[in-house]
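Engineer:
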Amino acid sequence: MCDHFVGTWKLLSSENFEDYMKELGVGFATRKMAGVAKPNVTISINGDVITIKSESTFKNTEISFKLGEEFDEITADDRKTKNVITLENGSLKQVQKWDGKETIIKRKVVDGNLVVVSSFLLSNHRIPCAEFLFGGCITLDSNTGNETI
Numbered sequence: 001m002c003d004h005f006v007g008t009w010k011l012l013s014s015e016n017f018e019d020y021m022k023e024l025g026v027g028f029a030t031r032k033m034a035g036v037a038k039p040n041v042t043i044s045i046n047g048d049v050i051t052i053k054s055e056s057t058f059k060n061t062e063i064s065f066k067l068g069e070e071f072d073e074i075t076a077d078d079r080k081t082k083n084v085i086t087l088e089n090g091s092l093k094q095v096q097k098w099d100g101k102e103t104i105i106k107r108k109v110v111d112g113n114l115v116v117v118s119s120f121l122l123s124n125h126r127i128p129c130a131e132f133l134f135g136g137c138i139t140l141d142s143n144t145g146n147e148t149i
């Protein structure tokens, strides 16, 4: 059901991330550090538990969850959020809530790449989305130890 998400994905590009973080209230220094980070995202499944791990020079985060069940998350910018992730039309849809605010993060695989779109609900309207494109799954060459996509 979610097997097509499994693997390690390398960030290729991002759009509107700076504006998105600013709207969330992320401080200047944190925005600048996060803006230059090039995270790898690893998605794994163990039984009915899905784990999404993001690793970068800025910060490492990890969430584990069951589809449709609420869980707590401390985000990379230190927000304490309540979350529910569901599978909708082949996309993982994460609804993240904190302090009366809401973010929706959708993850989908398109043409062998992981596309992540984040939007923030502010006063009943959505601000511009941040969009991230992660390249095909990364593997390590067993002979050289080099990454291949």
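Number 149 marks the last residue of the sequence shown (UniProt numbering); no jumps.
Idealized CB from N, CA, C, for every residue including glycine.
None of these values were measured; they are calculated from a predicted model.
Skipping 5 residues on each side, what residues in its chain have a beta carbon closer than 6 Å to that of Phe58?
Structural biologist: Taking the sequence shown and counting its residues from 1, one reaches residue 58 at position 58. Excluding sequence neighbours, Phe58 sits near Met33, Ala34 and Ala37.
Engineer: Around the Cβ of Met1, are there at least 16 other Cβ atoms within 10 angstroms (buried) or fewer (exposed)?
Structural biologist: Looking up residue 1 in the sequence shown gives position 1. So Met1 ends up on the exposed side.
Engineer: Output the boundary residues of the alpha helix (DSSP H) element that contains Phe17.
Structural biologist: Locating residue 17 in the sequence shown gives position 17, counting from the first residue. Here the alpha helix (DSSP H) through Phe17 covers Phe17 to Leu24.
Engineer: I want to know whether the segment 36-55 touches the segment 15-25 - three or more CB-CB distances under 8 Å.
Structural biologist: As far as the Cβ criterion goes, the segment 36-55 does not touch the segment 15-25, which means the pair count is below three.
Engineer: With C-beta atoms as the reference, is Glu70 less than 7 Å away from Lys80?
Structural biologist: Taking the sequence shown and counting its residues from 1, one reaches residue 70 at position 70. Taking the sequence shown and counting its residues from 1, one reaches residue 80 at position 80. Not a contact, by the Cβ cut-off of 7 Å.
Engineer: Using alpha carbons as the reference points, say which of Val116, Leu133, Asp111 and Thr30 lies closest to Ser91.
Structural biologist: Here residue 91 corresponds to residue number 91 of the sequence shown, with the count starting at 1. Residue Val116 is the option with its Cα nearest to Ser91.
Engineer: Quick one: using the 10 Å Cβ neighbour count with 16 as the cut-off for buried, is Ala76 buried or exposed?
Structural biologist: The residue labelled residue 76 in the question sits at position 76 within the sequence shown. Classification for Ala76: buried.
Engineer: Are Ile104 and Val110 closer than 7 Å when you measure CB to CB?
Structural biologist: Sequence index remark: in the sequence shown, residue 104 carries index 104 (1-based). Sequence index remark: in the sequence shown, residue 110 carries index 110 (1-based). Cβ atoms of Ile104 and Val110: not closer than 7 Å.
Engineer: Please identify the residue among Asp99, Ile85, Leu121 and Lys97 whose C-alpha is closest to the C-alpha of Arg107.
Structural biologist: For the purposes of this step, residue 107 is taken as residue 107 along the sequence shown, with counting starting at 1. Looking at the Cα atoms, Ile85 is the closest of the given residues.
Engineer: Enumerate in chain order the residues of its own chain whose CB-to-CB distance from Leu11 is below 7 Å, with the five nearest sequence positions on each side excluded.
Structural biologist: Sequence index remark: in the sequence shown, residue 11 carries index 11 (1-based). Taken in chain order, the residues that qualify are Lys38, Pro39, Phe132 and Phe134.
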